[in-house]
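Student:
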Amino acid sequence: MTAVCVLFAIGVLGVSSDARRILGGRAEGAPAPETTPAVSAPVFAYGFAGTGESALRRPVGVSVIAGTVYVADSLAGHVAVFREGGAFEGVIGDDRLEVPLYLAGDEDARELLVTDRSLRALLVFGFDGSFVETVTPVGRFAEESAAVEAWAPIAVARADDGSIYVTDVADEHRVWHMSRGGEVLGVVPSVEAAEETTPSVAFDFPNAVVASEGRVWVADSNNRRLVELGSAGEVVRSVPLGRLVRGLARLEIGEPGSRPHFALIDAFSHEVVLVSDIGSEVGRVGGPGSGGGMLQFPNDVAVTETALFVADTGNARIQVYEWPDARGLAALVWEGGPSWLGLLSGPLLLAPLALVWFVRPVRVVVSREALEELRASVDPAWEWRRVRLVLTPTVARNAPRRPGPRAEVSEFSHPDVVEIARDYELGDANSETLSLALRHHVLLTGDPMLATVAGARGVELLDVAGFVEEFALPPKKHGSDQMERRARRSGSGSRGTRR
Amino acid sequence: MRKLSIMLAVAVVASVLLLTPGIALANFGPHGGYSMDTDACAGCHRAHTAASPITWTNNDGEQRSALLLSTATELYEFCFTCHGQAAAGADTNVVDGIYEGTDYGTTGMMLNSGAFGDHVVGQNKHTFNGSSWGAWGGGDTGRDGIISTGHGGLIAMSCGSCHDVHGSSNYRLLKDIVNGVTVGGYTEPTPGDFVPDPYVISNEPGYPEDGWLLHEPGAAQMAGYEPNYTMPMYAKAPAQDPTRGISAWCAACHTQYHRDDLAISSVYDANDGFGYTMRYRHPVNVELANYKGPRSLIITDQVLPLAQDSFSTTGSETDWIDCLTCHRAHGSDAVMEGYANVFDSTDPEPDSGVGGVDPGNKNAFLRLDNRGVCQQCHNK
Chain A
77 MTAVCVLFAI GVLGVSSDAR RILGGRAEGA PAPETTPAVS APVFAYGFAG
127 TGESALRRPV GVSVIAGTVY VADSLAGHVA VFREGGAFEG VIGDDRLEVP
177 LYLAGDEDAR ELLVTDRSLR ALLVFGFDGS FVETVTPVGR FAEESAAVEA
227 WAPIAVARAD DGSIYVTDVA DEHRVWHMSR GGEVLGVVPS VEAAEETTPS
277 VAFDFPNAVV ASEGRVWVAD SNNRRLVELG SAGEVVRSVP LGRLVRGLAR
327 LEIGEPGSRP HFALIDAFSH EVVLVSDIGS EVGRVGGPGS GGGMLQFPND
377 VAVTETALFV ADTGNARIQV YEWPDARGLA ALVWEGGPSW LGLLSGPLLL
427 APLALVWFVR PVRVVVSREA LEELRASVDP AWEWRRVRLV LTPTVARNAP
477 RRPGPRAEVS EFSHPDVVEI ARDYELGDAN SETLSLALRH HVLLTGDPML
527 ATVAGARGVE LLDVAGFVEE FALPPKKHGS DQMERRARRS GSGSRGTRR
Chain B
13 MRKLSIMLAV AVVASVLLLT PGIALANFGP HGGYSMDTDA CAGCHRAHTA
63 ASPITWTNND GEQRSALLLS TATELYEFCF TCHGQAAAGA DTNVVDGIYE
113 GTDYGTTGMM LNSGAFGDHV VGQNKHTFNG SSWGAWGGGD TGRDGIISTG
163 HGGLIAMSCG SCHDVHGSSN YRLLKDIVNG VTVGGYTEPT PGDFVPDPYV
213 ISNEPGYPED GWLLHEPGAA QMAGYEPNYT MPMYAKAPAQ DPTRGISAWC
263 AACHTQYHRD DLAISSVYDA NDGFGYTMRY RHPVNVELAN YKGPRSLIIT
313 DQVLPLAQDS FSTTGSETDW IDCLTCHRAH GSDAVMEGYA NVFDSTDPEP
363 DSGVGGVDPG NKNAFLRLDN RGVCQQCHNK
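Residue numbers (my numbering), protein chains in the order written: chain A, 77 to 575; chain B, 13 to 392.
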């Protein structure tokens with residue numbers, strides 16, 4: 077007991093320093109974390125779907141810019157505009173768009189970039205709803221009309237430097253890097269690579285692109301992976317996710333230099349999954365259904381400092397999840413991870429489980445005639461130490477119930493019984509009893525044949541007198557008995573009368 | 013030093029390329045050609061934890077769980093995730109009926125099969141939302157297709173009623189067993205050796221006329237296949253067997269429209285007011301030369317898709333007429349007016365219908381307005 081307490085105390089001391097670091101956060105002036113921050117999952121806060129003529133019909137894209145939520149509604153053929161709380165503001169592109177899909181904002185220019193699956197175009201609107209222009213890759217196509225045949229933009233993202241990335245599912249599926257005016261800065265895989273047999277990367281319906289801090293990530297939807305591209309368009313990392321990834325948005329967590337994390341949409345599992353850039357899952361929200369916070373074939377996600385906005389396509393609504401902690405997305409940051417002392421001493425916290433050893437009852441298998449003899453010889457007023465009689469179903473059938481210690485019926489191994497019966501010719505009942513005795517290692521019996529075989533197989537044997545001496549606590553002898561028990565533990569430790 | 017840097021860069025790029033996982037084939041996507049160690053199953057199914065109540069129908073007509081991911085209650089929700097209106101996972105937008113891609117058809121053109129979207133075809137479409145429906149001419153008496161008089165032998169209609177998303181021996185994933193009727197499949201002359209035995213094939217480039225093989229050989233077939241989703245390239249039935257082909261496939265539900273005995277008449281109730289009586293029908297799976305009229309059929313330009321020996325933009329008198337010559341499979345926006353829009357065949361008053369062809373009061377998914385499909389060939 078003392079040893080258990082000592083080990084537990086060491087465990088507590090070992091992990092307490094780590095616990096203080098988790099709960100206390102990083103001290104002012106301490107260096108930024110270098111490892112993966114732990115991210116708390118947001119919780120469902122509210123949703124909105126518009127009403128009447130403003131009701132969403134098939135929201136497939138969502139973007140949140142300066143407190144305004146823009147929703148691409150592919151069936152309605154426009155972008156619906158809401159305040160963050162869900163108040164309807166109006167629509168954009170009703171007379172221009174046919175099947176809008178994804179969108180991105182340019183806050184500097186106060187413009188919204190929208191892809192249209194039917195028009196096969198990237199259109200630009202002012203935040204006030206005015207149409208600005210259509211952007212196509214300049215210089216890549218001989219005629220403007222040819223662009224309609226040559227590219228089919230679906231996802232769009234604005235980089236920190238003002239350039240844009242656009243995924244294209246015409247012919248060879250590509251990611252274009254362009255200036256806002258459409259000047260092509262790069263394309264992956266390159267147009268020339270289409271002539272080659274092994275292009276640098278082959279996308280299959282890249283449904284989202286994120287450009288941040290000079291890095292680019294592509295949700296390669298039908299290939300079910302996340303691809304990071306380098307500045308020259310080379311593949312930096314390809315992370316298989318096993319998910320039908322649609323929307324993708326970067327989480328603003330941790331300090332500069334910490335590992336990037338994303339919220340991504342898995343349309344088939346109806347979830348928003350929070351993952352790192354190497355695919356480590358750190359949380360998920362949503363789940364299938366139509367109740368609050370549940371999703372049905374979601375298609376896109378947008379992130380703000382405090383919330384996730386999800387285009388819940390199947391339920392024709394927007395669902396909003398907020399981080400409950402005031403510190404936002406970085407609610408838990410475990411700088412440097414666990415210490416060595418914590419790792420080594422942590423398992424010692426399980427030491428109290430060893431106490432189970434001291435309180436567990438001793439199980440003694442009992443044969444039929446020994447059980448009857450025991451029941452006939454004991455006083456109902458007696459108390460018993462932690463002992464449990466184990467009976468086969470055959471012994472238990474019509475056996476006397478009381479007095480005596482508690483009993484339990486246990487199943488036995490039929491193959492073992494068959495083998496015992498064949499080898500020792502004990503009969504079915506004794507073979508069943510012996511098979512249990514071989515499992516529990518202690519047998520109470522008065523049957524000489526059974527006792528002989530059991531002893532030969534290494535089972536510890538008790539007769540009724542020995543059992544009573546070992547486990548019974550007659551009331552008048554209670555005090556001295558405890559002394560005897562202590563003395564017995566410190567002595568030979570033998571149980572009753574060994575036969 | 014410069015050379016060393018270049019070599020290192022090449023080595024790094026090559027390593028990245030080698031470590032990049034294999035890609036899915038855009039052609040046919042996840043539909044068929046699975047290897048024996050495929051990961052594709054887990055893309056849509058969960059063996060022990062599936063949350064979707066969607067079922068499939070076995071050969072005994074019993075409903076069994078499809079073990080699908082998601083809680084979708086109808087299969088079309090699952091299919092439309094890729095093939096829906098925004099078509100964010102496939103180029104075949106079956107809601108608008110538009111081909112959105114560039115490689116396997118004409119961009120922006122209507123799909124060969126037509127559309128499902130209410131905003132495109134209204135009620136003029138095969139039911140796809142899981143509702144049960146009767147098939148006109150269904151059953152031994154035709155009365156299986158008559159819901160209005162309580163005779164409906166109802167068929168649960170979803171994408172999976174006609175298509176096997178895992179592939180089949182037939183063209184366009186058309187199922188091998190429909191409504192309990194075998195219309196394709198595989199023979200097994202030796203154990204483990206599955207030989208396709210299709211009912212419906214195609215003249216598209218690279219199409220395997222003997223049907224789709226299973227596993228890696230099937231994937232190899234797909235790699236060389238160039239489907240055309242906007243230009244019908246229908247083929248005659250395998251081995252030119254008139255008891256097969258798309259007409260026989262459709263007749264798995266529309267029983268009386270094409271029968272194994274090739275009879276062009278049979279007794280059934282069409283629910284048009286004439287009751288249970290002998291019905292005569294336009295022959296299918298026959299050559300155009302079969303027509304011996306005062307003027308030859310127009311066969312020089314193929315406005316209507318005919319079943320051919322090999323694809324040609326101009327027809328031939330040896331071409332066959334079949335169901336898809338006149339009808340679209342999914343839905344049609346053809347307009348019915350005048351005598352093409354009659355409510356009661358026993359008293360044909362023009363424009364007395366609800367927008368379509370008696371007795372269904374729809375446009376019967378005809379390819380052309382009114383009776384343009386008749387005139388295209390018969391030139392009356």
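In this text, a Cβ means the ideal position worked out from N, Cα and C, and glycines have one as well.
(1) Residues of chain A with CB closer than 8 Å to the CB of B/Cys56, please, in chain order.
(2) Does any C-beta atom of chain B lie closer than 8 Å to the C-beta of A/Leu177?
(3) Using the three-state DSSP reduction, which class does A/Phe547 fall into: helix, strand or coil?
(4) Could you name the residues that DSSP lists as bridge partners for B/Thr267?
(5) One question on the structure: do B/Val133 and B/Gly327 come within less than 8 Å of each other, judged by their Cβ atoms?
(6) Quick one: residues in its chain with C-beta nearer than 6 Å to the C-beta of B/Ala352, no 5 flanking neighbours on either side, listed in chain order?
(7) Hey, quick one: how far does the beta strand (DSSP E) through B/Trp68 stretch, first residue to last?
(8) Are A/Glu183 and A/Ile141 closer than 8 Å when you measure CB to CB?
(9) With three or more C-beta pairs closer than 8 Å as the rule, is the stretch 177-193 of chain A touching the stretch 84-104 of chain B?
(10) Is A/Pro282 closer than 8 Å to A/Val292 when the C-beta atoms are compared?
(11) With B/Gln252 as the anchor, note down where its alpha helix (DSSP H) starts and where it stops.
(12) Less than 8 Å between the CB atoms is what I'm expecting for A/Ala163 and A/Arg133, so what's the real figure, rounded?
(13) So, with DSSP's three-state summary, where would you put A/Phe84?
(14) Just reading off the beta strand (DSSP E) that A/His154 is part of, what are its end residues?
(15) By DSSP, does A/Gly339 sit in helix, in strand, or in coil?
(16) Would you list, in chain order, the members of the stretch 69-87 of chain B that have their beta-carbon closer than 8 Å to a beta-carbon of chain A?
(17) What residues in the stretch 123-148 of chain B bring their beta carbon closer than 7 Å to a beta carbon of chain A?
(18) Based on DSSP bridge pairs, tell me the residues matched to B/Met296.
(19) Residues in the same chain with beta-carbon distance under 7 Å from B/Tyr241, minus the five sequence neighbours each way, listed in chain order, please.
(20) For A/Phe207, list the residues DSSP reports as bridge partners.
(21) What do you get for B/Lys374, buried or exposed, if any count of 16 or more other CB atoms within 10 angstroms of its CB means buried?
(22) For B/Ala98, which residues in chain A fall below 7 Å Cβ to Cβ?
(23) Can you give me the Cβ contacts of A/Leu420 inside the same chain, cut-off strictly under 7 Å, excluding the 5 residues immediately before and after it?
(24) Report all residues from its chain with a CB closer than 7 Å to the CB of B/Pro360; omit the five preceding and five following residues, and keep chain order.
(25) Just reading off the alpha helix (DSSP H) that A/Met525 is part of, what are its end residues?
(26) What's the gap between the Cα of A/Ser288 and the Cα of A/Ser334?
(27) Chain A partners of B/Thr255, CB-CB under 8 Å?
(28) Any C-beta of chain A sitting closer than 8 Å to the C-beta of B/Thr114?
(29) Any beta carbon from chain A within less than 8 Å of B/Thr93's own beta carbon?
(30) Does the beta carbon of A/Phe120 sit closer than 8 Å to a beta carbon anywhere in chain C?
(31) Going along chain A, which residues have a C-beta under 7 Å from B/Glu89?
(32) Beta carbon of B/Tyr316, beta carbon of B/Cys338: below 8 Å?
(33) How would you write the range of the beta strand (DSSP E) that A/Trp252 sits in, first residue to last?
(34) Count the other CB atoms, across all protein chains shown, that sit within 10 Å of the CB of B/Lys304; report buried if there are 16 or more and exposed otherwise.
(35) Counting only Cβ-Cβ distances shorter than 8 Å, please list the residues of the stretch 281-308 of chain A near chain B, keeping chain order.
(36) Check whether the Cβ atoms of B/Asn191 and B/Val212 sit closer than 8 Å, and answer yes or no.
Tutor: Judging by the given coordinates:
(1) The contacting residues are Phe344.
(2) yes
(3) helix
(4) Per DSSP, none; premise fails for B/Thr267.
(5) With respect to B/Gly327, B/Val133 sits apart: the two C-beta atoms are not nearer than 8 Å.
(6) Same-chain partners within the cutoff: Asn382 and Arg383.
(7) Thr67 to Thr69
(8) yes
(9) yes
(10) Inclusion of A/Val292 and A/Pro282 in the CB contact set at 8 Å is not warranted, their separation being larger than that value.
(11) Counting along the chain, B/Gln252 falls outside any alpha helix (DSSP H), and DSSP gives it neither H nor E.
(12) Wrong, their Cβ atoms sit about 19 Å apart, outside the cutoff.
(13) helix
(14) His154 to Arg159
(15) For the record, residue 339 of chain A in the displayed sequence is Ala; it is not Gly. Of the three classes helix, strand and coil, the one that applies to A/Ala339 here is strand, per DSSP.
(16) Taking 8 Å as the Cβ-Cβ cut-off against chain A, the residues of the stretch 69-87 of chain B that qualify are Leu81, Ser82, Thr83 and Ala84.
(17) none
(18) The question names Met, but residue 296 of chain B is Val in the sequence shown. In the DSSP output, where bridge partners are listed per residue, B/Val296 has none listed.
(19) Thr104, Tyr111, Tyr116, Gly117, Leu123 and Asn124
(20) A/Phe201
(21) buried
(22) Val136, Ser150, Val175, Leu177 and Arg193
(23) Gly90
(24) So the qualifying residues of the chain are Tyr351 and Val354.
(25) Pro524 to Ala532
(26) 13 Å
(27) Ordered by position in chain A, no residue passes the 8 Å Cβ test against B/Thr255, which lies about 39 Å from the chain.
(28) yes
(29) yes
(30) The structure shown contains no chain C; its protein chains are A and B.
(31) Phe373 and Gly390, listed in chain order.
(32) What sits at residue 316 of chain B in the sequence shown is Leu, not Tyr. Result yes, Cβ atoms of B/Leu316 and B/Cys338 sit closer than 8 Å.
(33) Arg250 to Met254
(34) exposed
(35) Phe281, Asn283, Ser297, Asn298, Asn299, Arg300 and Arg301
(36) no
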